[in-house]
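Residue numbers (our numbering): 2 to 1162.
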Amino acid sequence: MAEGRRDPPLHPLLSLPPASKRPCLRPAPRGPGPGPGHGSGLSASRHRSPESLLDCAAKAVAEKWAFERVEERFERIPEPVQRRIVYWSFPRNEKEICMYSSFQCRVAGEESPAAATATSGSGGAGSGAPTAASTAATTTTAAAVGTSGAVGTGDALPFRRGIKLLETGCVENVLQVGFHLSGTVTEAASPSEPEVTHKVAISFDRCKITSVTCGCGNRDIFYCAHVVALSLYRIRKPEQVKLRLPISETLFQMNRDQLQKLVQYLITAHHTEVLPTAQKLADEILSSNSEINQVHGAPDPTAGASIDDDNCWHLDEDQVREQVKQFLSQGGYYGSGKQLNSMFAKVREMLRMRDSNGARMLTLITEQFMADPRLSLWRQQGTGMTDKCRQLWDELGALWVCVVLNPHCKGEEKSVWVKQLKRWSDMDVCPLEDGNYGSELPNITNALPQSHLAQDSLSRPRRTVFSRAVEACSLHWQGSHLQRIISSDYYMSASYHRDQDRLLFNPQGLPLWLDHVPTACARVDALRSHGYSREALRLAVAIINTLRLLQQREMDIYKHQKKELLQRGLTTTTNLEGWVGHPLDPIGCLFATLTETCRVDDDSTMDTGDGEARSPVYQHVPVWGSPDGLESYLTLALEVTLMGMGQQRIMPEGLYAQDKVCRNEEQIVSKLQELELDELLVQTLRKQALQLLEAGPFSGLGEVVHRESVPMHTFAKYLFSALLPHDTDLAYKLALRAMRLPVLESSVGSGDAGHAHHAISIVPSRYPRWFTLGHLESQQCELASTMLTAAKGDMLRLRTVLEAIQKNIHSSSLIYKLAQDAFKIATPADSPADITLLNVALELGLQVMRMTLSTLNWRRREMVRWLVTCATEVGLRALVSILQGWYTLFTPTEATSIVAATVMSHNTILRLSLDYPQREELASCARTLALQCAMKDPQNCALSALTLCEKDHIAFETAYQIVIDAASTGMTYSQLFTIARYMEHRGYPLRSFKLASLAMTHLNLAYNQDTHPAINDVLWACALSHSLGKNELAAIIPLVVKSVHCATVLSDILRRCTMTAPGLAGIPGRRNSGKLMSTDKAPLRQLLDATISAYINTTHSRLTHISPRHYGEFIEFLSKARETFLLAQDGHIQFAQFIDNLKQIYKGKKKLMMLVRERFG
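See below:
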């Protein structure tokens, strides 16, 4: 599939061919028909008249036989026959050209089946070549990738560009010589590029292009637009192509002179290129002993392929390797994952067209995957690969299962595949199937029932991504029962029929296929992937009939065990191997196979990626042999998908396996949502939903489930939404049962202990390692939210849903989300609030408050505010209720600072439109709450309590007394200073002074804490005392002296006290003397002595570790000290003595003492 120049060697005849392709001395055939100059010889009326017998025969021969075989078989072939064979040997289907010229060649109605995976569309059953090409990966837009990995869409695709070149008349000089087509393609000039003409050459054989060469020089795994244009020209305008027989036939008709003239003219026209080669060949031919004379005949590049040559489309293997290597080296960047998925889709497309290059290309891709250097790095580091990379490996393994299950592959092909798959699988770096080195899934060939497959994970063999493909190589298609199933719609039996221990037919006489379910579905996928859509459909129906029978038997078993299982409440009965998230995607395969035949799209339309993907439209196609005649493939698709999604199964071990379960479940649900439910589908839905509810331990929706069973939340959400318009009771019953999440329950039942496979995960911890638990809980929340929305206005259903939420959801954040959702739905902007749903929101909010009361939660303040808002919407009684029961919902701080404050705000009063008695009732509750909180946590609630009680004298006095009582023990100076300032602000200066005095007793300010945050409070307290009068100042100064040891702070206080007279607050009953206070008398004398002492102590402390760079700052400090000393009567003497002492004690600090002398003498 390469467009890149795959030029022949410079001198092709220098290396001798293994055998002659065309004899040199055979007489030219003669016969009727147009001569060499008459083009193709096909009249323009060929579309209006039946094909001749010659054309019919030539078509068949041209497609199946190499021309060399035809020549060997018949001695004389008339020239008209040769012409028709050569004519019909060129590919006839544009879809094949499209397949080899772009990643995306989609036929309407086709899509990928998984992952993220690729798929195939519909084709005729056993009718030779399929009728449709397959699609690219669903995640991939139409893309063509060049050597740089660039992505093109729409008109940028080579196929689209080729059509444009053809339609604009850019293809010229088209000549077909035998099995070789040549021509020129001219690219029109652009603003940045001049007009360029490219020479294009194409070789073909048996309706396949075997090599391409283009002068554009672009290397890619796909044909370039110029090759596309020339190919489409030949397909659309064959009558305009000059047709010649292989060049050897023309040479047979020439005599010696003509041959010599031809050779000489050829050499003259291209003497620089061919002259050395011509001379060397001439020397070889003239030498009787040369190798070239030992071989009969000579090669003819226009005569088609040899009998021994592989008949396959041209694929540039080097370019495939290079591009895969490049994509892998990019990791998950630049869309490389999408491009690799597109390459996988291309493999599926080739398989669909039964093109041998499918397996060939997959082999090349796999070799590069195995050579990825990251594999050994991940293994050495013990780290897992990324999710995107794991998905690519999964698709690789699934594709190999498809390839080896080709129903018509040859034995030698399969043996080669087995050998290389085992070689890859045995390599140390080969990724394991489950993504980790823990447990593995059961073997692909193990048959049902799966409950007997439990074994210790540590004793299982190493299973890689190729293990299933290796196992699939041992499967065959030769069984008569299987052959009859896939070959006929009329294969039935009048009664039960057994082959040894296997049932072959159900009670209705329809055939069964009793096999390991994923393996059976892999057969279906293989049939479908190789273009046998009808056969795949028949086998899928047989599998569904088998699953129905098994489901009925499981229900019968449960009926006999129901009483015992319900008494125990738990079960050990479940499937170890789930069908959802399985590497072979059995449910997705069956759904795609069955719905494919029901599409109403026009399958003749080819989409090369220039338009948006359309949503599929389905119609009912009856199933032959259905008992009531009302069954269609669409109802079967829905039924089997519901059956698979509802299967009770153990959660697999390992992060990737668990993530894959969730991802696959969401993909299947998205497919189900594409179905427009009509009466038939609703009947199927209701019937299967009832069976899932009644199937006991075999269903994930049964009454008893295993503790580690995969939850059904995502599936139940779909069922609830689909059933709600048709059967409300069933929808709620099913969704309510699915709300459970047993793995989070606190106790482990006896049923779990008997489960050998998972005993290891239960022993070390309370919960097994569920890496996707957060996602599962969010899905549980989504299900609950969906039910709440649907139950709006229905009090009974809302109450039921609320109870289910409270019982099963264990995450406070998710319950809070549900509460918010309910609140939004209950309070639409354009209509009155729904009080029933509001009450549910409030109830959920109250539960969140209780759950998070004693735990740390960063959203707690937001939750509290939201609850008050919700209670306000509900009404007065809700607010009164949360105020009265605050201790079970809030911390004291939350209750006073957020709840009570918000409730008492003016906005709340206006919102509720309360009258006076109601306002008083609310205020009384808030004050009671405030006092209770202040008693319980005075440190954090006292100020809020005082604020809330301002308007009630008794309550305010009570709150104040609580503060006084708590001040000596549990409150800090900062809290007391804050309350003291509040008291001053409210007009209680004496109470403020008392609280400030109490705060001072808790404070201790060291000599070097001149930037302490409490300094402003100390200054404020002294100013307050000073303003109240001499007595209050005299009372606080001893406290200041005891608590503050910082000289600068003390001097600041002293200075402020001497600047104004005390008693300026003007308290009634107090006289203000108006005289300034003296520092020589009490109480300032004590403060002055303390300040001088503090300066002396601080000076000595600073001199102990002073550095020269701080000398200047120290001198300024002494200057401030002198100002304080001078406030005393003998201050100048004290300061002089102080300086002398410094000079004597610190005489070693000569430079500093010199500065002291300069400043202070």
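Think of the CB as a built atom: it goes at the ideal place given N, C-alpha and C, for glycine as much as any other residue. Since the model is a prediction, treat every value here as computed from it, not as a measurement.
Using C-beta distances below 8 Å, list every residue in its chain close to residue i, excluding the 5 sequence neighbours before and after it, in chain order.
i	result
Met-1155	none
Asp-311	Ser-357
Cys-171	Val-186, Thr-187, Glu-188, Ala-189, Ala-230
Leu-1055	Thr-1080, Leu-1085, Leu-1088, Leu-1089, Thr-1092, Thr-1125, Leu-1128
Met-362	Met-2, Leu-316, Val-321, Met-344, Lys-347, Val-348, Met-351
Have a look at the DSSP bridge pairing and note the partners of residue i.
i	result
Leu-244	Gln-177
Asn-576	Arg-650
Gly-184	Val-201
Val-172	Val-186
Asp-206	Lys-209
Cys-215	Val-201
Val-525	For Val-525, which the question treats as bridged, DSSP gives no partner whatsoever.
Ser-506	It is Phe, not Ser, that sits at residue 506 in the sequence shown. In the DSSP output, where bridge partners are listed per residue, Phe-506 has Pro-512.
Arg-600	Tyr-619
Leu-890	Note: Leu-890 sits in no beta bridge, so no partner.
Ser-633	Pro-623
Val-1045	Leu-1006
Leu-433	Thr-465
Ser-710	Ile-651
So, at 7 Å on beta carbons, what are the nonlocal neighbours of residue i in its own chain, with the 5 sequence-adjacent residues on each side left out?
i	result
Ala-739	Leu-702, Met-713, His-714, Ala-717, Leu-784
Leu-511	Met-493, Asn-546, Gly-626
Cys-217	His-199, Cys-225, His-227
Val-711	Gly-579, Arg-650, Met-652, Val-662, Gly-701
Ser-128	In this prediction, Ser-128 scores a pLDDT of 34, lower than 50, which makes its location untrustworthy; the coordinate-derived value is nonetheless stated afterwards. No residues qualify anywhere along the chain.
Leu-676	Tyr-619, Leu-639, Leu-682
Met-428	Met-371
Would you mind giving the Cβ-Cβ distance between residue i and residue j, rounded to the nearest angstrom? I have them listed as a contact below 8 Å.
i	j	result
Ala-931	Ser-945	6 Å
Gly-582	Ala-658	7 Å
Thr-203	Leu-182	It should be pointed out that residue 203 corresponds to Ile in this sequence rather than to Thr. Indeed they touch by this definition, with Cβ atoms about 4 Å apart.
Gly-1175	Phe-467	No answer is possible for residue 1175: the residues shown for the chain start at 2 and end at 1162.
Leu-1025	Ser-993	6 Å
Leu-635	Cys-599	5 Å
Ile-1	Ala-543	What is shown of the chain runs 2 to 1162, which leaves residue 1 out entirely.
Gly-305	Ser-90	7 Å
Thr-694	Leu-735	The sequence shown places Leu at residue 694, not Thr. Yes, Leu-694 and Leu-735 are in contact; Cβ-Cβ is about 6 Å, under 8 Å.
Gln-692	Gln-552	7 Å
Met-788	Phe-721	7 Å
Name the residue from the options whose alpha carbon lies nearest to the alpha carbon of residue i.
i	options	result
Ser-103	Val-229, Val-178, Val-186	Val-229
Val-849	Ala-830, Leu-815, Leu-877	Leu-815
Ala-1007	Glu-985, Tyr-961, Leu-977, Thr-1092	Thr-1092
Pro-302	Gln-280, His-409, Val-178, Arg-664	Val-178
Thr-773	Gly-655, Leu-845, Leu-803	Gly-655
Lys-995	Lys-952, His-986, Ala-981	Ala-981
Leu-923	Lys-165, Leu-880, Val-82	Leu-880
Ile-236	Val-670, Lys-96, Arg-375	Lys-96
Beta-carbon within less than 6 Å of residue i's beta-carbon, same chain only, minus the 5 sequence neighbours each way: which residues are those?
i	result
Ser-149	Any reading at Ser-149 must be qualified, since the residue scores a pLDDT of 33, below 50, and its modelled position is unreliable; no value is offered.
Thr-790	Ile-826
Arg-767	At Arg-767 the pLDDT is 46, less than 50, meaning the model places this residue with poor confidence; the figure from the coordinates comes in the next sentence. Nothing meets the Cβ criterion.
Ser-898	Ser-945
Leu-1020	none
Ala-537	Val-525, Leu-528, Arg-529, Thr-594
Lys-937	Pro-893
Val-601	Val-618, Gln-620
Leu-1	The chain is shown only over 2 to 1162; residue 1 falls outside these bounds and no answer can be derived.
Is the stretch 319-332 touching the stretch 368-382 in the sense that three or more CB pairs, one from each, lie closer than 8 Å? yes
Does the count of Cβ pairs from the stretch 421-436 and the stretch 551-559 closer than 8 Å reach three? no
Three or more beta-carbon pairs under 8 Å between the stretch 1041-1055 and the stretch 1092-1101, yes or no? Yes: the two stretches touch, three or more of their Cβ pairs being nearer than 8 Å.
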